[in-house]
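**Q** Please read through the structure below; I'll follow up with questions.
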Amino acid sequence: MANSMVLLALLLAAVTVCSSAPADIDEELAETYLNHFYHFKPNSRTNMADTLKVMQEFLGLQVTGKLDMETVEVMKKPRCGVPDVAQYNLFPQRYKWPKNDVTFRINNYTPDMPEQEVDRAIVAALKVWSDVTPLVFTRLYEGEADIMIKFGYRSHGDLSPFDGPDGILAHAYAPPTAGIGGDAHFDEDEFWTSSSKGYNLFIVAAHEFGHALGLEHSEDPGALMFPTYAYVDKFCLPKDDIDGIQALYGPNPNGNAMDCKPPEGAPKRCNSETTFDGVTEFRTELILFSGRYLWRINNQNTRNLEAELISTYWPFLPDTVDAAYEDYERDVILVFRGNQYWAINGFDMMPGYPKKLTHLGFPSDVNLIDAALHIKNERKTFFFVRGRYWSYDESTRKMDLGFPRNVRSDWPGIPRRPSAAFTHTKYVYFIDGRRQIKFDYERKRTLAVNWSNVWLGC
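Using mature numbering (1 follows the signal peptide of the UniProt record, and there is no 0), the letters of the sequence shown correspond one by one to residues -20 to -1, 1 to 438.
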């Protein structure tokens, strides 16, 4: 009996150690991350929860002050090594080059790519900024340039060593401080490419050159200057970045800004024929899907809105979607097409996706979702399918009993097959072709009917 008790105690101790190990690792990761990017000092008066809130707010996460799974996952994402918030930078005031003619020099090359490919990526990354400003970049092959570019491992000659594969990809220094100011360094432990494999040098370099010209990180998840890495197949400098760099240097007097107009066939903002396949909230924005395109709407003026290809933000999604909704608790967007669905966190696909609809509990004969409606305070999602609807419990991750039910029996005034459904403020909206139905969910009654493109300022 005594031996059994000793064995039981040892087993319990082993379980305790194993279960606490991941938490200890996460806390160590958090301290390192917050110290590097938000200047959190473990022994200072600043509470970790307060610093976590600053980080969560900046990166568009749910602000809890807790080291939750979502926050830990973001901390593990590959990113730029420059701190995020201005007051935590060494030089918080705005810096810029006092001239428009800026020189650059490539000190060395990565063995991952042919030298000509590296040259093309660097020149293209600088052109991103010269296209929208009066800046002119001139290459030097010897001597000291304004922007010195080099690849290096871990400790590489400055006071900011790299951390090995993944993690910090690169960093750059604001101009025009003496010596290192304006320089850009790339971690040689990464696998650099000119494609979607490894880390795309052009995209990372364009971001770092933004810092080398005086830009800080942006809170806009779609901006080039957002801290975390995201591959984009067809790059076009977002408006947030254009506004930032032109605030420092002004616009290009020749008007040579890169052509970011929608491709041929893109739906027009106030075209009466425009319809929506899916609508979802995305953190502080509203995303409207229409064919191969989408609109991103925030609190800014909608008059200059233009449709963008879905692949610009989520190249892993199919060309068109059937439905979409945001699970606020998990900070995840679910996107549906045919008998599959994708889970997206920010601009990244969650591991293990896409999955079949049967994974949610649908019978195998359901191969298309007409619309998906998430009710935040109930943690319920309603799926509308060919005149019937299912109720899914987001807490238990199971379908509710007693479903499917008839749409018209429980949703008076709503079409049998809405093309999209979403909540905004305290109301529910259903899209039916070119018209929109405003619905009171609590009282289960229709409030108003309008054109669906009213969301585009039409």
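Every residue gets a Cβ at the ideal spot worked out from N, C-alpha and C, and that includes glycine.
1) For the candidate residues I183, V212 and W370, whose alpha-carbon lies nearest to that of P343?
2) Determine the extent of the alpha helix (DSSP H) in which M128 is found, giving its start and end residues.
3) Specify the secondary structure class of I349 as computed by DSSP and reduced to three states.
4) Between which two residues does the alpha helix (DSSP H) carrying Y293 extend?
5) Here's a check: name, in chain order, each residue in its chain whose Cβ is nearer than 7 Å to the Cβ of I129, leaving out the five neighbours to either side.
6) Among residues of its own chain, excluding the 5 on either side of W435, which ones have a beta-carbon nearer than 7 Å to its beta-carbon?
7) Report the residue from F262, R263, E261 and R249 whose alpha carbon sits nearest the alpha carbon of Y273.
8) Can at least three beta-carbon pairs, one atom from the region 43 to 60 and one from the region 147 to 156, be found at a separation below 8 Å?
9) In or out: H187 buried (at least 16 other Cβ within 10 Å) or exposed?
10) Considering only residues of the same chain and omitting the five flanking positions on each side of F189, which have a CB-CB separation below 8 Å?
11) By how many angstroms is the C-alpha of V112 removed from the C-alpha of N234?
12) Assuming K76 contacts P155 (C-beta within less than 8 Å), just tell me the rounded distance between them.
13) With distance defined between alpha-carbon atoms, name the residue in S252, Y209 and A192 nearest to S176.
14) So W109 is in the beta strand (DSSP E); what residue range does that whole segment cover?
15) With 16 other CB atoms within 10 Å as the buried threshold, where does D412 fall?
16) Within 10 angstroms of the Cβ of Y121, are there 16 or more other Cβ atoms? Answer buried if so, exposed if not.
17) If you follow the beta strand (DSSP E) that residue 441 is part of, which residue opens it and which one closes it?
18) Given this structure, state the Cα-to-Cα distance separating M55 from N430, to the nearest angstrom.
19) Can you give me the C-alpha to C-alpha distance between L41 and G123, rounded to a whole angstrom?
20) Provide the residue(s) that pair with T208 in DSSP beta bridges, ordered along the chain.
21) Residue range of the alpha helix (DSSP H) that Q320 falls in?
22) Using 8 Å as the threshold, is the C-beta distance between G224 and S198 below it?
23) Can you give me the C-alpha to C-alpha distance between I313 and N325, rounded to a whole angstrom?
24) Following the continuous beta strand (DSSP E) through R276, name the residue where it begins and the one where it ends.
25) So, helix, strand or coil for D163, using DSSP?
**A** In this structure, then:
1) The count along the sequence shown starts at 1 and reaches residue 343 at position 363. Nearest option by C-alpha distance: W370.
2) Position 148 of the sequence shown holds residue 128. In the DSSP assignment, M128 falls outside any alpha helix (DSSP H) and within the unbroken beta strand (DSSP E) covering I127 to G132.
3) Walking along the sequence shown from the start, residue 349 turns up at place 369. Coil.
4) Taking the first residue of the sequence shown as 1, we reach residue 293 at position 313. Membership of Y293 in the alpha helix (DSSP H) is indicated by the continuous run I290 to Y293.
5) By one-based count along the sequence shown, residue 129 stands at place 149. If the five residues before and after I129 are omitted, its C-beta is found closer than 7 Å to the C-beta atoms of F84, R85, I86, N87, I102 and A164, all from its own chain and listed in chain order.
6) Mapped onto the sequence shown, residue 435 falls at position 455. These residues qualify, in order along the chain: L266, L268 and I277.
7) What you label residue 273 is simply residue 293 of the sequence shown in a count that begins at 1. Here the closest residue by C-alpha is R249.
8) A contact between stretches requires three or more CB pairs, one per stretch, nearer than 8 Å, and the region 43 to 60 meets this requirement with the region 147 to 156.
9) Here residue 187 is taken as the residue at index 207 of the sequence shown, counted from 1. Burial state of H187 is buried, judged by a 10 Å Cβ sphere holding 16 or more other Cβ atoms.
10) Residue mapping note: residue 189 aligns to position 209 of the sequence shown, counting from 1. Around F189: A105, L106, V108, W109, I127, A152 and A164.
11) Residue mapping note: residue 234 aligns to position 254 of the sequence shown, counting from 1. Residue mapping note: residue 112 aligns to position 132 of the sequence shown, counting from 1. Spanning the two alpha carbons is a distance of roughly 9 Å.
12) As a first step, residue 76 is located in the sequence shown; it is residue number 96 there, counting from the start. As a first step, residue 155 is located in the sequence shown; it is residue number 175 there, counting from the start. Going by Cβ atoms, the distance from K76 to P155 rounds to 6 Å, so yes, they are a contact pair.
13) Taking the first residue of the sequence shown as position 1, residue 176 is located at position 196. Relative to the Cα of S176, the nearest Cα in the group S252, Y209 and A192 belongs to Y209.
14) Taking the first residue of the sequence shown as 1, we reach residue 109 at position 129. Run containing W109: none in the beta strand (DSSP E); it sits in the alpha helix (DSSP H), E95 to S110.
15) Taking the sequence shown and counting its residues from 1, the one referred to as residue 412 is at position 432. Taking all protein chains in view, the Cβ of D412 is crowded by 16 or more other Cβ atoms within 10 Å, so the residue is classified as buried.
16) Indexing the sequence shown from 1 puts residue 121 at position 141. Per the 10 Å Cβ criterion, exposed.
17) There is simply no residue 441 to check, as the chain begins at -20 and stops at 438 in what is shown.
18) Counting from 1 along the sequence shown, the entry for residue 55 is found at position 75. Counting from 1 along the sequence shown, the entry for residue 430 is found at position 450. If you draw a straight line from the Cα of M55 to the Cα of N430, it is about 43 Å long.
19) As a first step, residue 41 is located in the sequence shown; it is residue number 61 there, counting from the start. As a first step, residue 123 is located in the sequence shown; it is residue number 143 there, counting from the start. If I take the Cα positions, the gap works out to 45 Å.
20) Residue 208 sits at position 228 when you count from the first residue of the sequence shown. The secondary-structure analysis by DSSP pairs T208 across a beta bridge with R59.
21) Within the sequence shown, the letter at position 340 stands for residue 320. Here Q320 belongs to no alpha helix (DSSP H); instead the beta strand (DSSP E) covers Q320 to N325.
22) Within the sequence shown, residue 224 is the residue found at index 244, counting from 1. Within the sequence shown, residue 198 is the residue found at index 218, counting from 1. Taking C-beta atoms as the reference points, G224 and S198 count as a pair closer than 8 Å.
23) Within the sequence shown, numbered from 1, the residue matching residue 313 stands at position 333. Within the sequence shown, numbered from 1, the residue matching residue 325 stands at position 345. Each residue's Cα considered, the two are about 7 Å apart.
24) Position 296 of the sequence shown holds residue 276. Judged by DSSP secondary structure, R276 falls within the beta strand (DSSP E) whose first and last residues are Y273 to I277.
25) In the sequence shown, residue 163 corresponds to position 183, counting from 1. The answer is coil: DSSP assigns D163 none of H, G, I, E or B.
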